[in-house]
Every structure is written in structure tokens, then in C-alpha cells.
Amino acid sequence: DIFDSAPLNVKAVNIKNVFEYRFKILDRLGKHFKRQALIELYKILGSLDFLGSPASFIDTLGTGVMELFYQPYYAIVTQGTDLKSFGKGLAKGAVSLVKHSVLALLNTTSKITGSISKGLAAISMDEKF
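Numbering (the numbering used here), first residue to last: 88 to 216.
Right, dumping it as C-alpha cells:
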């Protein structure tokens, strides 16, 4: 796989005058979908495996950062405002941040080395690989 899950969302086009010349409607549709494709291009580039799937890296790392702030908040809301519950929440959030940071780094490294491996296998022209 070259891509790591790259969902594209293209907005609909609303044509008010459907009794227009065909070439004008097709031109308008073409321009609309080209514009939408350029807007969504970052998702495609961000999901390329040979680049280490930067979108996946940011998503995984972002989850860890979010947990760093969410866990202390959740602990205070559910267990009270004492310092002990805040500390436990902060510790859970910090552990989650470390886990997600390592996961993001290893996942990205794995994708890059996998792409290099596939490239070298193709260059070697060995049918076993």
C-alpha cells in the first residue's frame, strides 16, 4: 500500500440553471472538482507511506497530547478537586503522551523503512522478493 487511509471529502456542486450549454456545465463541474481536489491534496500527501504517513504521525501524537490535558480534567470532574486525583490524572496523561509519542515514531519509522525495503527489492529484480 502506498497510502495509509486517505479519506477525501468533496463538496457537492449546486447548478441553478440546468438549461445551460453542456460545455459550460462540464466546465463548471471540472473547475469545481479541481478546486476541491486541491483543497483535499494535503490529505493525500499526508498519508503517503514512503513519507512515513505524516498524517498518521500527527494524529497519533495529537491523541497523546489531548490525553495529557484530558486525563487531569477527567480526574477532577469525576473524583473531586483534590490534588491527589489531579496528580493521578496528570500521571495517566503523561504516560499516554509517552506511549503515543513512541508509537507515532515507531510507526513512521516502520513505514519509511518498509518503503525503502520495497524499493530495494524492486531494484534487485529478484522474483522471490
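The beta-carbon is built from N, C-alpha and C at its ideal position, and this holds for glycine as well.
Only counting the same chain, and skipping five residues up and downstream in sequence, which positions put a Cβ closer than 7 Å to that of residue i?
i: residue 123; result: 97, 98
Tell whether a beta-carbon distance below 9 Å holds between residue i and residue j.
i: residue 194; j: residue 150; result: no
i: residue 187; j: residue 164; result: no
i: residue 191; j: residue 175; result: no
i: residue 100; j: residue 116; result: yes
Contact defined as beta carbons within less than 8 Å: I believe residue i pairs with residue j. What is the distance between those atoms, to the nearest angstrom?
i: residue 177; j: residue 154; result: Actually they are not in contact, since the Cβ atoms of residue 177 and residue 154 sit about 11 Å apart, beyond 8 Å.
i: residue 171; j: residue 158; result: Residue 171 to residue 158, Cβ: 14 Å. No contact.
As a quick exercise: from the options, pick the residue whose alpha carbon is nearest that of residue i.
i: residue 128; options: 104, 95, 164; result: 95
i: residue 199; options: 104, 108, 140, 102; result: 140
Distance, Cα to Cα, residue i vs residue j?
i: residue 209; j: residue 182; result: 40 Å
i: residue 201; j: residue 125; result: 28 Å
i: residue 206; j: residue 144; result: 22 Å
i: residue 103; j: residue 130; result: 30 Å
i: residue 213; j: residue 121; result: 40 Å
i: residue 203; j: residue 113; result: 42 Å
i: residue 111; j: residue 156; result: 52 Å
i: residue 118; j: residue 109; result: 14 Å
Which same chain residues, not among the five before or five after residue i, have their C-beta less than 8 Å away from its C-beta?
i: residue 196; result: 139
i: residue 173; result: 159, 162, 163
Just to confirm my understanding: we take residue i, look at its own chain, exclude 5 residues before and 5 after, and list those with CB closer than 6 Å. What are they?
i: residue 166; result: 172
i: residue 107; result: none
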